[in-house]
Amino acid sequence: MADAAMVNAPDVKQDLSRSRARGRRLVDAVATLLLWSAASIVVGLLLLFVAYLFYKGASVVDWHFLTGNPTAAQAGGGIGPFIYNSFYILLLTLAFTIPIAVSAGMYLQEYASRGRFRQIVQFSAESLATVPSIVMGLFGLLVFVEAFHWHFTALGGALTLTLLNLPAMMRVTQESLAGVPATYREASMALGGTKWQTIVRAILPSAIGPLTTGVVLIAGRIFGETAALIFTAGASVSYGRSAYDPSVWHTAETLSVALYQTHREALVPDADRIGNGAALVLLVMVLLFNIVARVAGRRLSRRLTGKST
Amino acid sequence: MLTTARFAAVLVAAALSAPAAAFADTNISAAGSTALQPLVTAAAGEYQAKHPDTKISVTGGGSRTGLGLVASKAVDLGDSDILAQNQPNLIDHRVAVIGFAIVTNPDVGVKNLSKKQIQDIFSGSAKNWKDVGGKDEQITVINRPASSGTRAVFMKTLMGGANLDQATLTEDATGTVVQKVKQTAGSVSYAAFSGTRNQSGITEVSIDGAAPTDANIQSGKYPYWSYEHVYTNGQPSKQASDFIGFLKNNKGLLQKTGYIPVGDMKVTENDR
Amino acid sequence: MVGFRASRAHRDERIALAILMACSAIFVVAIALILGFLAINGTKLFFQDHVSPLAFLFGTTWDGFGGHYGALPFIVGSLVATGFAILVGGPLGVAIGVFFSELAPARIAAVFKPAIEVLVGIPSIVYGWLGLTLLVPALGAITHTNGDGLLAAGIVLSIMILPTVISLSEDALRVVPNALREGSASLGATRWETISRVLVPAASSGIAVAVILGIARAIGETLAIQLVLGNAPVLPKSLLSPASALTSEIIIDMGDAPDGSPFRHALFSMAFLLLLIAMALIILIRLALRKRT
Chain A
74 MADAAMVNAP
84 DVKQDLSRSR
94 ARGRRLVDAV
104 ATLLLWSAAS
114 IVVGLLLLFV
124 AYLFYKGASV
134 VDWHFLTGNP
144 TAAQAGGGIG
154 PFIYNSFYIL
164 LLTLAFTIPI
174 AVSAGMYLQE
184 YASRGRFRQI
194 VQFSAESLAT
204 VPSIVMGLFG
214 LLVFVEAFHW
224 HFTALGGALT
234 LTLLNLPAMM
244 RVTQESLAGV
254 PATYREASMA
264 LGGTKWQTIV
274 RAILPSAIGP
284 LTTGVVLIAG
294 RIFGETAALI
304 FTAGASVSYG
314 RSAYDPSVWH
324 TAETLSVALY
334 QTHREALVPD
344 ADRIGNGAAL
354 VLLVMVLLFN
364 IVARVAGRRL
374 SRRLTGKST
Chain B
12 MLTTARFAAV
22 LVAAALSAPA
32 AAFADTNISA
42 AGSTALQPLV
52 TAAAGEYQAK
62 HPDTKISVTG
72 GGSRTGLGLV
82 ASKAVDLGDS
92 DILAQNQPNL
102 IDHRVAVIGF
112 AIVTNPDVGV
122 KNLSKKQIQD
132 IFSGSAKNWK
142 DVGGKDEQIT
152 VINRPASSGT
162 RAVFMKTLMG
172 GANLDQATLT
182 EDATGTVVQK
192 VKQTAGSVSY
202 AAFSGTRNQS
212 GITEVSIDGA
222 APTDANIQSG
232 KYPYWSYEHV
242 YTNGQPSKQA
252 SDFIGFLKNN
262 KGLLQKTGYI
272 PVGDMKVTEN
282 DR
Chain C
691 MVGFRASRAH
701 RDERIALAIL
711 MACSAIFVVA
721 IALILGFLAI
731 NGTKLFFQDH
741 VSPLAFLFGT
751 TWDGFGGHYG
761 ALPFIVGSLV
771 ATGFAILVGG
781 PLGVAIGVFF
791 SELAPARIAA
801 VFKPAIEVLV
811 GIPSIVYGWL
821 GLTLLVPALG
831 AITHTNGDGL
841 LAAGIVLSIM
851 ILPTVISLSE
861 DALRVVPNAL
871 REGSASLGAT
881 RWETISRVLV
891 PAASSGIAVA
901 VILGIARAIG
911 ETLAIQLVLG
921 NAPVLPKSLL
931 SPASALTSEI
941 IIDMGDAPDG
951 SPFRHALFSM
961 AFLLLLIAMA
971 LIILIRLALR
981 KRT
């Protein structure tokens with residue numbers, strides 16, 4: 074608009090366009106600066122969180138804390154049984170999640186190219202993925218705890234977490250399979266293999282790297298899940314030697330639930346201390362899962378692709 | 012992987028068919044009042060040391076939670092500060108008497124409150140400590156949720172029909188209340204002796220001149236107390252009954268954890 | 691011999707396909723059961739206890755033992771906390787997505803991106819713990835209040851949705867054809883002009899999906915905000931007064947509500963409402979993606 078009025082004054086116009094160019098460069102520089110600072114702030118926040126949790130928790134976490142039993146009402150308790158329960162539920166959940174989700178992912182990626190069933194499964198998976206974990210916990214309560222009369226059990230908790238993590242595992246499978254070069258499929262088919270043989274012999278092995286990365290990252294998520302477990306696996310452990318119960322029927326308070334419950338009930342005088350320690354242990358576990366996912370994924374795919382070519 | 016799938020299927024089938032095996036008689040589960048929880052957990056620890064084959068799990072949740080869970084047979088023992096209403100199946104076992112205290116952050120400096128002043132504070136009409144004889148400092152009320160027996164007994168013995176202002180901080184359990192009062196300047200709440208004894212950093216307030224002591228409760232001078240009940244759904248199993256007896260009669264443990272043995276009371280609830 | 695082998699392979703193929711399809715069907719059955727169970731239990735309040743849906747949605751008094759089931763305080767709490775998170779975390783997340791896709795040198799991305807991935811992995815209970823022990827006292831000191839409330843919850847949620855928004859908006863930008871970037875640059879546009887006038891509009895549906903999934907994550911978050919909300923079951927007076935949300939109230943009250951009581955049914959109605967919101971968001975995402983194609 075402004076240009077139209079200035080049309081008869083070429084030198085003014087030139088001046089203006091020069092200053093406007095300067096203005097545009099300035100905006101660009103400011104925007105660049107803002108984008109850089111936005112990213113830096115978030116990374117800074119992460120560093121702050123990690124530093125804070127270490128600062129508060131490092132003096133708490135020692136061998137006794139990691140392996141000791143929680144106490145009922147005195148100070149000085151440990152988190153051994155909670156860690157045991159976390160791994161117990163993690164492994165049980167993976168035992169359900171991996172076969173189901175990998176199968177479904179293989180079906181969608183390799184068999185069902187189009188068609189109604191594929192669409193329904195895809196849409197169901199997306200819907201399942203957005204169910205809030207507290208809502209999933211209530212579903213688990215209705216079904217496993219109440220309808221099946223199981224009470225609070227590790228199994229009920231694991232099945233609830235399975236529902237929560239199936240969609241992510243399926244996605245990981247689909248993406249891993251999609252990343253396998255078409256030549257692998259063609260080569261195997263050309264050798265006379267059936268589709269299933271091709272999947273098992275050629276495609277799955279070469280997708281194992283990203284698949285492993287995905288599994289380990291999902292394992293990290295399962296390890297930290299809380300809301301869905303409170304009403305399914307329960308929020309208590311029995312004290313004493315029965316704390317490490319091998320049965321799937323045991324009430325299994327995991328480490329993340331314990332962090333919540335310790336604060337919520339604050340029954341022990343050193344609840345804050347235990348909370349700080351538990352939060353640090355959870356953080357370190359998540360960092361470990363992330364590192365393992367990266368390293369293992371990279372190693373496996375290097376070795377297996379090296380072998381199969 | 013197919014074997015894994017098959018294994019999972021077997022596991023699910025086993026799960027569906029054999030849940031009964033999970034609950035042997037040597038499991039005792041208790042849930043409910045967080046005012047009674049310290050006693051039950053401490054007793055569970057001592058009891059299991061003597062009976063290594065018995066598993067006892069203890070959860071909080073609040074008195075009404077405990078009553079609900081025992082009524083639906085989700086737990087064996089329901090711990091409660093309040094009487095069960097219209098639940099003919101539930102059998103009451105009085106295991107102890109518990110006192111409760113009005114607690115403040117030490118910076119408040121108020122040592123005594125009348126019932127009327129307590130009602131003003133918790134109904135929201137008194138907003139500043141100077142309204143109830145303290146210094147010029149804003150009052151921060153911390154409540155327990157509606158399921159809390161501590162809150163129910165508070166309403167019954169001290170509030171005298173006045174309404175509770177609910178627009179306040181709300182903490183789930185006795186221990187959390189005590190923590191929050193410690194951390195928050197000008198704060199006031201109510202909590203069981205079992206959570207306030209052996210705690211520094213909080214002030215217990217006298218009510219109408221009566222200090223919150225065991226002696227004042229036994230003699231009837233101090234009003235804010237109640238019986239602690241353990242409810243069973245029908246007659247308890249032999250193990251559960253044995254454990255309830257252990258709770259009730261272990262005087263040393265009762266006193267150590269802040270409770271009064273039922274037999275030491277000179278007044279009953281009706282005398283209040 | 692060959693024939694035998696071929697028929698066995700053929701049989702394996704059929705068995706495998708049946709198993710794979712059965713596993714896929716589990717997804718369909720699962721979501722149908724979840725919807726069914728929650729619909730049944732979430733509407734008992736209306737059909738069995740004869741509480742009007744309007745009294746539930748717009749009532750402001752919540753007293754589960756006293757016959758009042760007004761969930762408006764929690765609906766408002768959830769919406770305000772989520773809205774705050776989207777207003778703060780949304781633009782910030784998209785900006786960082788732009789940063790990774792358009793600006794970040796490879797060496798910086800190699801450090802920053804794993805950091806963001808760690809942020810995704812931190813359990814929500816740990817975010818809650820950080821909120822409780824780090825954020826709330828800090829807010830309290832700055833504002834001379836307790837620090838608990840919707841502001842604290844909004845800040846926690848802003849941080850928690852960042853990784854989702856960042857990675858999805860970055861993906862959306864990366865699929866924008868390079869020709870658009872080159873074309874815009876050859877017309878003399880600065881990098882910022884290219885980003886704001888060409889790339890972001892071109893990736894808008896993908897960015898919309900990123901933000902919607904951020905909303906989905908925020909509205910369903912439970913423990914992280916329960917620890918910082920202050921948990922007063924009333925309409926919040928301000929961002930700094932104690933409040934509650936749908937999710938946090940469920941976790942507080944669920945254990946207390948007796949079996950078969952209207953109180954418990956009201957909690958399931960809240961859960962059903964959350965589920966309906968989640969489903970609505972999924973449909974929104976579908977619409978956003980359809981527009982693109």
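Protein chains in written order, with this note's numbering: chain A, 74 to 382; chain B, 12 to 283; chain C, 691 to 983. Note that beta-carbon positions come from the ideal geometry of N, C-alpha and C, so glycine has one too. These numbers come from a predicted model, not from an experiment.
What residues from chain B crowd round residue i, counting only those whose CB sits closer than 8 Å?
{"i": "C/Ser931", "result": "Ala178"}
{"i": "C/Val924", "result": "Gln177 and Ala178"}
{"i": "A/Ala251", "result": "Near A/Ala251 there are no residues of chain B at all, since even the closest Cβ is about 19 Å away, more than 8 Å."}
{"i": "A/Ala308", "result": "Thr70"}
Out of curiosity, what's the CA-to-CA distance linking residue i and residue j?
{"i": "A/Gly293", "j": "A/Ala366", "result": "10 Å"}
{"i": "B/Val152", "j": "A/Ala331", "result": "27 Å"}
{"i": "A/Arg427", "j": "C/Val808", "result": "Residue 427 of chain A is absent from the structure shown; chain A starts at 74 and stops at 382."}
{"i": "A/Gly297", "j": "C/Asp943", "result": "23 Å"}
{"i": "B/Ala32", "j": "A/Trp322", "result": "Model confidence at B/Ala32 stands at a pLDDT of 38, short of 50, so the residue's coordinates are unreliable; what they give is reported in the following sentence. Rounded to the nearest angstrom, the two C-alpha atoms are 9 Å apart."}
{"i": "A/Phe221", "j": "B/Ser136", "result": "50 Å"}
{"i": "A/Arg91", "j": "A/Ala102", "result": "17 Å"}
{"i": "C/Val899", "j": "C/Leu889", "result": "16 Å"}
{"i": "A/Val208", "j": "A/Gly153", "result": "29 Å"}
{"i": "B/Val106", "j": "C/Val778", "result": "53 Å"}
{"i": "B/Thr187", "j": "B/Leu47", "result": "15 Å"}
{"i": "C/Leu735", "j": "C/Ile940", "result": "15 Å"}
For residue i, which of helix, strand or coil comes out of DSSP?
{"i": "C/Leu877", "result": "coil"}
{"i": "B/Asp103", "result": "strand"}
{"i": "A/Trp136", "result": "helix"}
{"i": "C/Leu930", "result": "coil"}
{"i": "B/Lys267", "result": "helix"}
{"i": "B/Tyr201", "result": "strand"}
{"i": "B/Ile218", "result": "strand"}
{"i": "B/Ile67", "result": "strand"}
{"i": "B/Ile227", "result": "It is worth fixing the name first, because residue 227 of chain B is Asn in this sequence and not Ile. Correct three-state label for B/Asn227: helix."}
{"i": "A/Ala75", "result": "Legend: pLDDT at A/Ala75 = 44, less than 50; position of this residue unreliable, value from coordinates given subsequently. Helix, per DSSP."}
{"i": "A/Arg250", "result": "According to the sequence as given, residue 250 of chain A is Leu; it is not Arg. It is helical."}
{"i": "A/Gly293", "result": "helix"}
{"i": "B/Asn123", "result": "strand"}
Among the options, which has the Cα closest to the Cα of residue i?
{"i": "A/Leu121", "options": "C/Tyr817, C/Asp753 and C/Ser859", "result": "C/Tyr817"}
{"i": "A/Val289", "options": "A/Ile364, A/Leu277 and A/Ala339", "result": "A/Ile364"}
{"i": "C/Val784", "options": "C/Thr823, C/Ser714 and C/Arg864", "result": "C/Arg864"}
{"i": "B/Gln177", "options": "C/Ser931, C/Val801 and C/Leu974", "result": "C/Ser931"}
{"i": "B/Ala251", "options": "B/Pro49, B/Ala54, B/Thr45 and B/Ser44", "result": "B/Ala54"}
{"i": "C/Leu825", "options": "C/Ser848, C/Lys803 and C/Ala869", "result": "C/Ser848"}
{"i": "B/Ser159", "options": "B/His104, B/Thr76, B/Gly197 and B/Ser205", "result": "B/Thr76"}
{"i": "C/Thr772", "options": "C/Phe953, C/Val846 and C/Ser697", "result": "C/Val846"}
{"i": "A/Arg244", "options": "A/Thr166, A/Glu219, A/Pro283 and A/Leu373", "result": "A/Pro283"}
Spell out the partners DSSP gives residue i in its beta bridges.
{"i": "B/Asn139", "result": "B/Gln149"}
{"i": "B/Leu94", "result": "According to DSSP, which records beta bridges pairwise, B/Leu94 is partnered with nothing at all."}
{"i": "C/Asp753", "result": "C/His758"}
{"i": "B/Phe111", "result": "B/Ala203"}
{"i": "B/Leu88", "result": "B/Ala41"}
{"i": "A/Thr305", "result": "Bridge partners of A/Thr305: none, in fact."}
{"i": "B/Thr181", "result": "B/Asn154"}
{"i": "C/Trp882", "result": "C/Trp882 pairs with nothing; no bridge assigned."}
Residue i touches chain B at which residues, Cβ-Cβ below 7 Å?
{"i": "C/Phe717", "result": "Near C/Phe717 there are no residues of chain B at all, since even the closest Cβ is about 15 Å away, more than 7 Å."}
{"i": "A/Thr324", "result": "Ser68"}
At a CB-CB cut-off below 8 Å, which residues of chain A make contact with residue i?
{"i": "B/Ala4", "result": "The structure shown does not extend to residue 4 of chain B, since chain B spans only 12 to 283, so no value can be given for it."}
So with CB distances below 9 Å, who are the chain A contacts of residue i?
{"i": "C/Asn731", "result": "Leu211 and Leu215"}
Could you name the residues of chain B that residue i contacts, counting a contact when the two beta carbons are closer than 9 Å?
{"i": "C/Gly821", "result": "By Cβ distance, chain B contributes nothing, its closest Cβ being about 15 Å from C/Gly821, past 9 Å."}
So with CB distances below 9 Å, who are the chain C contacts of residue i?
{"i": "A/Gly348", "result": "Trp819, Leu822 and Thr823"}
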